[in-house]
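Accompanying notes for the structure given below.
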Amino acid sequence: MAYGGVLRQRARRGMKKPVTTTLIAVTALMGLLLVGLALVPFLFRDRIVERLRTELNERLDATVTFSEIDVSLLSTFPTLTAEVADLAITGKGQFSETTLLAAKSIGAGVNLVALILDGTVELESIEMDRPVMHVRVGRDGKANYDIVPERKEKADTPRDAVAFEIKRYRITKGLITYDEPGVHIQVEGLQHDGRAKISGPTQHLSLETTADELTARVGGVTYLKKAKTSVALDATIETESEELNVHSLQAAVNQLAIEGSAKVGWANEGTDLDLQLTSKKGLPIKALISSIPNAYAADFAGLKASGAFSLEATVRGQLGPGDNDIPSFSVKGYVRDAALKYPDLPLDISDLNLDANVIHPGGNLDRARIEVPKFSIAAGKSHAKGHLTVTQSLSQPNIDLALDGRLDLAEIAKAYPIPDVEALEGLIAANIELKAKGERVEKLTGDITVADLVYRSADAPALRVLTARIELSPESTKLREFQAQVAESDL
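Here this note's numbering runs 7 ahead of the position in the sequence shown, where the first position is 1.
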C-alpha cells in the first residue's frame, strides 16, 4: 500500500509539470501577442503615415494633407482603428483655390477577425468630425470632385464574391456647399448616420440625416432658405436585376413632412418607375407655410394659422427611351378654409381655399390635364376667386378660366411678408372669363384695370402705373388707357 501511494504521488507530479509548463507558455505567448499588438502601431507609425501620404497624392489628382494618423489595435481588438487628423483635399488647376474636403478628423475601424477568417470587409465604423465640403462645377462642365484618374479596368470580380459591410458611418456638424453656374446649394449643421451592406448582388442602405439649415437657389430663385430638413431612408439595390427599391422614405422641410416608397428599374432601354409620395391628410396649414422661404423667415414662430392641407403624388410606368414614353402620374393637393395672421402685420389672410390636380394617363405629355376647380383668397377688402382647367397644353391648348378679384396691394403688403420691397401700393381689379381651344377663342369677356400702382425696391427701377385699362373680347384685346413711369421715364 505504501509503495502504491508513492507511485500515485509521482504520477501526480508528472502530470502537473506539463500542465504548468503549458500554462506558462500560453501566458507568455499571450503576453507577447498583447505587447506586439500594442507596439505595432508605434513601430510602424511613421512608415504608415508616409506611405499613406505618398499613395494618396500619387493616386489622386489633388493635393492631400493631414497632420497625423493614430492607429490602434490593442485597445479595440479585434477591431483595427485608424484616425486621420486635420485632413484637407484640394484640387489642382482651375480648382487649386478650392478645398474639396477638410475635416477635423476622419476615423475608421475594421474587424480583423472577419477579414482574416471570412474574407469579408466589415467596417465597424466610419466617422467624420466637422467636415467642410465645397463642390464646384465650372462652365466647361469640369468638377473639382473628379480627382481619380482613369485607370485600366481589371477583370470584373464575380458579384457573388463581394462581401462588404459598414455597421455605422457618421458625419457630425458637417457643412456642404455645391456651386455651379446658376445653382447654389448649402447645407449647414449636417448630422448623418447610416449603415450599408453588400452581399453579392444585393446592396442595402439605411440612413438618417438632419440639417439645421438648407438653402437652395436656382436661376436667381430661392426655393429653400435656411430650412431645417430631415431624411430617413431604407433602400435596397439589386445589381443583377438592376433595381432600386426604396422600402421607406420620410422627409421633412421645416414642419412639412412627407413619406413614401419607390421602385426603379433599369433592365429595359427605358426606366421603370413606381413612386408614391404623400403627406398626412389634414395637416395644419402652418406646416405648408413653413416650406415657403420668405413666409418661414418672417417671424414664423409667431404666425397664427388655421385650416388644413393635403398633398399626394404617384408615378407609374416607363420613362423613355422615346420622347413620348412618359409614365402616368398624378399630383393632387388641397387647402381648406385656411387663415393666416403674422404677428408684426396688421391684416390677416382669410378664406384661403385651393383644390389642384395634375393628371397624366401616360404617353405623350400633351395628354396631361391640369385642374384647379376652386381657388379663393382674401385680405382686408381685397379678394380673388376663380377656377382653371387646361388640356392638350402642348398641341391645341384647351383652356377654361374664370377670375374675379380686386386687390389693394397695400393691404397685401400688410398681410403677407414681402422682403426687399420699399414701397407697394395701388389697385388691381380683374373680371375675366375665357374659353378657348388652340387659336379659336369661344368666349372672352371682362376687363383688367390698374390705378395708382407703385412698386419700388433696391434691386429694380421704380415703377408707377397711374392708370391702365384693358378690355377683353373674342375679337380683340384693347388697351383703353395707359399712363406709367419707369424710373424717370414716362410711358
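Don't be surprised by glycine CBs; every beta carbon is placed ideally from N, CA and C.
- Message: Here's the rule: buried if 16 or more other CB atoms are within 10 angstroms of the residue's CB, otherwise exposed. What is Leu318?
- Response: buried
- With DSSP as the reference, label Asn64 as helix, strand or coil. helix
- Task: Would you mind stating whether Val139 and Ala92 have Cβ atoms separated by less than 9 Å?
- Result: no
- Message: Just list the residues that DSSP pairs Glu195 with in beta bridges.
- Response: Leu182, Glu220
- Where does His512 land, buried or exposed, given buried means 16+ other C-beta within 10 angstroms? The structure shown has nothing for residue 512, since the chain only spans 8 to 498.
- Item | 8 Å contact criterion, which Thr474 and Ala458 should meet: CB distance rounded | 6 Å
- Task: Note down, in chain order, each residue of its chain lying with its Cβ closer than 8 Å to the Cβ of Leu501, except the 5 sequence neighbours on either side.
- Result: Nothing about residue 501 can be read from this structure; the chain reaches only from 8 to 498.
- Message: For Ile419, report the span of its alpha helix (DSSP H) as first-last.
- Response: 416-422
- Use the C-beta contact count for Ile384: other C-beta atoms within 10 angstroms, 16 or more gives buried, fewer gives exposed. buried
- Item | For Ile419 and Gly327, the rounded distance between their alpha carbons | 45 Å
- Message: I'd like the list of long-range same chain contacts for Leu46, defined as Cβ closer than 8 Å, with 5 residues on each side in sequence excluded.
- Response: Residue placement at Leu46 is poorly supported in this model, since its pLDDT is 48, which falls under 50; the coordinates are not used for a value here.
- Message: Using a 10 Å radius around the Cβ and a threshold of 16 neighbouring Cβ atoms, would you call Ala32 buried or exposed?
- Response: With a pLDDT of 43 at Ala32, under the threshold of 50, the modelled position of this residue cannot be trusted, and the question is left open.
- Kindly indicate which three-state DSSP category Pro368 falls into: helix, strand or coil? coil
- Query: When DSSP labels each residue in this structure, what does Gly38 get in the three-state scheme?
  - Reply: Annotation note: pLDDT 44 at Gly38 (below 50); position unreliable, coordinate value reported separately. It is helical.
- Have a look at Arg376 and Leu414 and give me their C-alpha separation to the nearest angstrom. 29 Å
- Item | Which residues DSSP lists as bridging Leu361, in chain order | Val342, Phe382
- To which residues of the same chain is Ala312 closer than 8 Å at the C-beta, ignoring the five residues directly before and after it? Pro291, Ile292, Lys293, Ile296, Ala345, Ala346, Leu347, Lys348
- To which residues of the same chain is Gly114 closer than 6 Å at the C-beta, ignoring the five residues directly before and after it? Glu90, Glu134
- Message: Suppose you measure from the CA of Ile178 to the CA of Lys339; what does that come to, to the nearest Å?
- Response: 36 Å
- Item | Cβ-based burial, Phe489 [other Cβ within 10 Å; buried from 16] | exposed
- Message: For Thr452 and Ser480, which I take to be in contact (beta-carbon distance under 8 Å), what is that distance rounded to the nearest angstrom?
- Response: 7 Å
- Between the Cα of Ser237 and the Cα atoms of Gly196, Ala95, Asp466, which residue gives the shortest distance? Gly196
- Query: Taking buried to mean at least 16 other C-beta atoms within 10 Å of its own C-beta, is Phe171 buried or exposed?
  - Reply: exposed
- Message: Using only the alpha-carbon positions, how far apart do Tyr185 and Arg374 sit?
- Response: 36 Å
- Message: In whole angstroms, give me the CA-to-CA distance for Ala437 and Ala391.
- Response: 9 Å
- Item | CA-to-CA distance, Asp427 to Leu361, given in whole angstroms | 28 Å
- Query: Do Ala422 and Leu372 have their C-beta atoms within less than 9 Å of each other?
  - Reply: no
- From the DSSP output, in three-state form, read off Leu354 for me. coil
- Message: Closest to Val322 by C-alpha separation, out of Asp332, Gly329, Gln283, Asn331, would be which residue?
- Response: Gln283
- What's the C-alpha gap between Gln101 and Glu75? 28 Å
- Compare the beta carbon distance of Val142 and Leu107 with 9 Å and say whether it is the shorter of the two. yes
- Item | Cut-off 7 Å between Cβ atoms - residues of its own chain near Asp306, not counting five sequence neighbours on either side | Tyr349, Pro350, Asp351
- Item | Beta-ladder partner(s) of Gly114, from DSSP | Glu90, Glu134
- Message: Going by beta-carbon coordinates alone, are Gly201 and Ser213 separated by less than 9 Å?
- Response: yes
- Output the distance between the C-alpha atoms of Ala203 and Lys287, rounded to the nearest integer angstrom. 29 Å
- Query: If Ala234 sits next to Leu221, beta carbons under 8 Å apart, how far is it from one beta carbon to the other, in whole angstroms?
  - Reply: 5 Å
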